[in-house]
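Residue numbers for the sequence shown follow full-length UniProt numbering, beginning at 1 and rising by one. Built from N, CA and C at the ideal position, the CB exists for glycine as well. Heads up: the structure comes next, in structure tokens.
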Amino acid sequence: MPLCNAEVEQAADEFPKIQTLNLGQILQLKLKIMKPGMLSQELKKALCMPDGALPPWLTRMQFVGPPPSYPYLKILGLNAPISPGDSFDDGPDEEEPLDRSKHWVDSDDEEDEEK
Numbered sequence: 001m002p003l004c005n006a007e008v009e010q011a012a013d014e015f016p017k018i019q020t021l022n023l024g025q026i027l028q029l030k031l032k033i034m035k036p037g038m039l040s041q042e043l044k045k046a047l048c049m050p051d052g053a054l055p056p057w058l059t060r061m062q063f064v065g066p067p068p069s070y071p072y073l074k075i076l077g078l079n080a081p082i083s084p085g086d087s088f089d090d091g092p093d094e095e096e097p098l099d100r101s102k103h104w105v106d107s108d109d110e111e112d113e114e115k
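Now the structure itself:
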């Protein structure tokens, strides 16, 4: 069934008024709720974390060190103080931290010089 020009023009005029979904606004609202480093209650429940417990990846980061992209990033329990009431126990079977002072490229250069 062919449409007449009047119906097409009317639909074109109404389209911007009807269109209310703006993806940018939806994403901005979601991002306002989320904050870096803050764990939601849903995530804590999924990870079986009790209230006041430190994230499970913190133990590994204490052994390996901070992410290479963020060497000066302050991470609670790693290189920044832990909030009152929280604690971090080093168990007796904890491994010694790695020496991250040298980059792997630097260590290869030293081996070549020794030969």
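Comparing C-alpha distances from P56 to each of L47, C4, E14 shows the shortest one belongs to L47. Counting only the Cα atoms, A6 lies some 11 Å from D13. Note: L76 is bridge-paired with A80 in the DSSP secondary-structure output. Rounded to whole angstroms, the gap between the alpha carbons of T59 and M34 is 24 Å. At the C-beta level, L73 and P81 stay beyond 7 Å of one another. Here the alpha carbon of L39 sits roughly 11 Å from the alpha carbon of G52. Here Q41 is exposed, its C-beta having fewer than 16 other C-beta atoms within 10 Å.
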